[in-house]
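Keeping their order, the protein sequence lines are chains A and B.
When we follow my numbering, the leftmost residue of the first sequence carries the number 1, and every step to the right adds one.
When we follow my numbering, the leftmost residue of the second sequence carries the number 1001, and every step to the right adds one.
Beta carbons: idealized from backbone N, C-alpha and C, even for Gly.
The structure displayed is predicted, hence computed values, not measured ones.
Have a look at the structure below before the remarks.
2 protein chains.
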Amino acid sequence: MQLSKSFDYAIRSLVHLAMLPPGKGADLRAISISQNVPVSYLAKVMRHLVRGGVVSSTLGRDGGYSLRKAPDQVTLLQVYEIMEGELRLVECMQSDGSCAFFNGCTQATVWVRLRAAVEGIFRETTLADLLPKGGNGPVQTAINKEGGYARAGA
Amino acid sequence: MQLSKSFDYAIRSLVHLAMLPPGKGADLRAISISQNVPVSYLAKVMRHLVRGGVVSSTLGRDGGYSLRKAPDQVTLLQVYEIMEGELRLVECMQSDGSCAFFNGCTQATVWVRLRAAVEGIFRETTLADLLPKGGNGPVQTAINKEGGYARAGA
DNA sequence: TAAATGTGGAGTAGATATGTCCACATTTAC
DNA sequence: GTAAATGTGGACATATCTACTCCACATTTA
């Protein structure tokens, strides 16, 4: 029961974009460096986010990505569903009837409670909640593999 | 973000044992049939539960498994930890410092909330909560692959 | 002593997650 | 107009995990 790196990368990237001055964007390489994610893999993640409608991309020189919505209009549930599809905690809770058990399945109530709890948190949490406190400070930094600091947009 | 079948199988098997008359047990084959789980795989699951201390096993003819605790003394959290180890939702929340980010990781608060919610539900829910209502009724049944009914202990 | 059980661990097939690569279309700077 | 900088699309590769199988063996009881 673990969240995927893709989902984690997606959120980090979106937060990165949300911290930029309004109207500004960032390109793949900048996001990749600041979030310590392989460029080629991040490209795939960003494509999901573009298709999912939360990010817009511009081609060509000086192109890149920017948020299409205000940070408080993007919930983690949206991001989850873009990256992973419908939130489902057990295979047998699918609608395709793959569960061999009767309505009397005793576990169902727990799975439902669990799903509701997770979905609730995802639905309540927006990118705005993930922005570092204290206003638009400097872009979040990560320690790169050499032990130094990587700056976004370097 | 999905729970494993092992966990699901473990719970079903424990509930099966919990529904038997006190002092009675069930053998692999009986559990396997009633829960529609491959015997050889279930054997592995049960070994986990035995080592985890929630189930006792007896060898030899007429051997089998039985619960070591009252159903309301076995929480889903215990079962989860026996089957899957420590509850962790993201790799980077490990204690081994594999996360490359500073304390300022903005997502950490969400992961903590999420973990707390899941853990809370698992901790509050015991096998007793999963027993079918209406007392010790007949053992839970499943539809087997032939479309008929499988009875526990058949 | 034979049959019925659980034990232990190696092995396997398939799925999924993660990551790489390259040819290509688009845009902008010069 | 051309070259460089970007994102796009998809095939490919790799690693890890899940679910499951199999078999030799120890133990117990009829």
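Kindly indicate the opening and closing residues of the alpha helix (DSSP H) around residue i.
{"i": "A/S40", "result": "39-51"}
{"i": "A/G120", "result": "108-124"}
{"i": "A/V15", "result": "5-18"}
{"i": "A/A26", "result": "Looking at the DSSP string, A/A26 is not in any alpha helix (DSSP H), and its letter there is neither H nor E."}
{"i": "B/D1072", "result": "Run containing B/D1072: none; DSSP gives neither H nor E here."}
{"i": "B/L1127", "result": "1127-1130"}
Applying the criterion that 16 or more other CB atoms from any shown protein chain within 10 Å of the CB defines a buried residue, is residue i buried or exposed?
{"i": "B/H1016", "result": "buried"}
{"i": "A/D8", "result": "buried"}
{"i": "B/R1012", "result": "buried"}
{"i": "A/Y65", "result": "buried"}
{"i": "A/S32", "result": "buried"}
{"i": "A/A18", "result": "buried"}
{"i": "B/F1037", "result": "According to the sequence displayed, residue 1037 of chain B carries Val and not Phe. Burial call: buried."}
{"i": "A/Y41", "result": "exposed"}
{"i": "B/A1030", "result": "buried"}
{"i": "A/K145", "result": "Residue confidence is low: A/K145 scores 32 on pLDDT, short of 50, so the model does not pin down where it sits. No coordinate-derived value is stated."}
Can you grab the Cα-Cα spacing for the pair residue i / residue j, in whole Å?
{"i": "A/L3", "j": "B/V1054", "result": "28 Å"}
{"i": "A/K24", "j": "B/Q1035", "result": "56 Å"}
{"i": "B/S1006", "j": "B/V1045", "result": "6 Å"}
{"i": "A/A100", "j": "A/A108", "result": "Only weak support exists for where A/A100 lies, its pLDDT of 48 falling under 50; the coordinates are left without a value."}
{"i": "B/M1001", "j": "B/L1014", "result": "24 Å"}
{"i": "A/C105", "j": "A/L20", "result": "49 Å"}
{"i": "B/L1076", "j": "A/V112", "result": "15 Å"}
{"i": "B/A1070", "j": "B/P1022", "result": "9 Å"}
{"i": "A/D72", "j": "B/Y1080", "result": "35 Å"}
{"i": "B/A1010", "j": "A/R68", "result": "45 Å"}
{"i": "A/M83", "j": "A/R61", "result": "27 Å"}
{"i": "B/Q1078", "j": "A/Q78", "result": "32 Å"}
{"i": "A/L127", "j": "A/S56", "result": "16 Å"}
{"i": "A/A117", "j": "B/A1117", "result": "7 Å"}
{"i": "A/V39", "j": "B/V1039", "result": "45 Å"}
{"i": "B/A1043", "j": "A/A43", "result": "44 Å"}
Identify the continuous beta strand (DSSP E) that holds residue i and give its terminal residues.
{"i": "A/L87", "result": "No beta strand (DSSP E) holds A/L87; DSSP gives it neither H nor E."}
{"i": "B/L1067", "result": "1064-1067"}
{"i": "A/V55", "result": "55-58"}
Going by alpha carbons, who is nearest to residue i out of the options?
{"i": "A/T125", "options": "A/A116, A/G85, A/A117, A/V74", "result": "A/V74"}
{"i": "A/A26", "options": "A/E84, A/T106, A/T58, A/L127", "result": "A/T58"}
{"i": "A/L87", "options": "A/S40, A/F122, A/P38", "result": "A/F122"}
{"i": "B/G1085", "options": "B/E1119, B/L1028, B/M1019", "result": "B/E1119"}
{"i": "A/L89", "options": "A/R115, A/V79, A/L67, A/S32", "result": "A/R115"}
{"i": "A/G63", "options": "A/L28, A/V110, A/A10, A/A43", "result": "A/L28"}
{"i": "B/C1092", "options": "B/G1060, B/V1039, B/V1110", "result": "B/V1110"}
Tell me whether the region 122-134 of chain A and the region 1046-1059 of chain B touch, counting them as touching only if at least three CB pairs, one residue from each stretch, are closer than 8 Å. no
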